[in-house]
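Participant: In the working numbering, the protein residues as written are 64 to 306. Quick reminder that beta carbons are idealized off the backbone N, C-alpha and C, glycines included. This structure is in structure tokens; I'll ask about it shortly.
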């Protein structure tokens with residue numbers, strides 16, 4: 064039986080409360096923002112993570128950041144490495160020869176020192192020019208003063224016959240060289256032939272050469288200007304055999 068069961072009121076104070084705990088952990092509860100004092104102006108984010116799918120505007124590629132790898136972690140390494148372009152100090156090179164023979168090369172004249180002075184060439188003596196004989200002025204009888212011809216030496220040419228390189232045209236001729244065969248008795252196939260004009264040729268016409276076409280026939284090369292139908296030309300020559 065207790066006093067409470069008898070209907071008698073009992074006053075209990077904190078001091079007389081038996082079995083009370085020393086501290087009371089707060090129960091889960093909330094406060095409105097206005098009840099909070101000394102709140103900071105901003106809050107830096109705490110350490111946290113996001114799922115990859117929650118991240119937007121991701122780049123397609125990420126350049127690798129500066130990092131290193133252990134040699135053993137690298138695969139497909141070449142067996143040897145060709146040296147890259149580089150230099151060495153003279154003292155770093157071993158096995159150098161004591162002397163270096165010069166390779167074939169050239170120098171410009173001004174680069175050569177201690178060169179001897181080359182004297183200018185001088186004649187060993189002087190002599191006044193003189194002739195061993197005297198010369199007299201030529202005359203019309205002993206000195207040719209204009210174009211001329213010499214007669215053929217006797218005994219070197221054998222006359223064969225006269226020939227007129229002539230034709231009355233049935234067709235027009237263009238300017239230039241022509242060749243035609245003429246009959247001339249006495250011509251041998253092996254003859255060496257020359258010719259000489261015996262009269263003035265037609266204007267603009269000229270015989271150039273002659274040679275045997277066959278025994279009794281001579282081939283004549285000649286030049287004519289342009290000639291029309293029914294025009295005629297004539298070039299009289301004498302033919303000789305060279306003996």
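Helix, strand or coil for residue 279? Go by DSSP, reduced to three states.
Facilitator: Residue 279 falls in the coil class under three-state DSSP.
Participant: Just the C-alpha distance for residue 137 and residue 116, rounded to the nearest angstrom, thanks.
Facilitator: Each residue's alpha carbon lies about 32 Å from the other.
Participant: Indicate whether the contact test is met: 3 or more Cβ pairs, each with one atom in the stretch 241–251 and one in the stretch 274–281, closer than 8 Å.
Facilitator: Yes, the stretch 241–251 is in contact with the stretch 274–281.
Participant: Where does residue 135 sit, in a helix, a strand or coil, going by DSSP?
Facilitator: Residue 135: helix per DSSP, three-state reduction.
Participant: Within this structure, are the beta carbons of residue 255 and residue 219 separated by less than 8 Å?
Facilitator: Contact flag unset, no.
Participant: Where does the unbroken beta strand (DSSP E) through residue 267 begin, and where does it stop?
Facilitator: Run containing residue 267: none; DSSP gives neither H nor E here.
Participant: State the DSSP-derived secondary structure class of residue 116, mapped to helix, strand or coil.
Facilitator: Note: residue 116 maps to helix in three-state DSSP.
Participant: What first and last residue would you give for the beta strand (DSSP E) that runs through residue 305?
Facilitator: Where residue 305 is concerned, the enclosing beta strand (DSSP E) stretches over 295–305.
Participant: Please list, in chain order, all residues of the same chain as residue 241 whose beta carbon is under 8 Å from its beta carbon, the five residues on each side excluded.
Facilitator: Contacts found: 284, 285, 286 and 287.
Participant: Exposed or buried, residue 125, counting other C-beta atoms within 10 Å across all chains shown (16 or more means buried)?
Facilitator: Exposed, since its Cβ has fewer than 16 Cβ neighbours within 10 Å.
Participant: Tell me the DSSP secondary structure of residue 154 in three-state form.
Facilitator: The answer is helix: DSSP assigns residue 154 an H, G or I state.
Participant: At which residues does the beta strand (DSSP E) containing residue 246 begin and terminate?
Facilitator: Taken as a continuous stretch (DSSP letters only), the beta strand (DSSP E) holding residue 246 covers 239–246.
Participant: Taking only the alpha-carbon atoms, compute the straight-line gap between residue 97 and residue 132 and give it to the nearest angstrom.
Facilitator: Looking at the two C-alpha atoms, the distance is approximately 55 Å.
Participant: Taking 8 Å as the threshold (C-beta atoms), are residue 226 and residue 294 in contact?
Facilitator: Not a contact, by the Cβ cut-off of 8 Å.
Participant: Look up residue 173 in the DSSP assignment and say whether it is helix, strand or coil.
Facilitator: Residue 173 falls in the helix class under three-state DSSP.
Participant: What distance in whole Å lies between the Cβ atoms of residue 289 and residue 237, which are believed to be in contact at a cut-off of 8 Å?
Facilitator: Correct: roughly 6 Å between the Cβ atoms.
Participant: Can you name the residues that DSSP bridges to residue 260?
Facilitator: Paired residue(s): 300.
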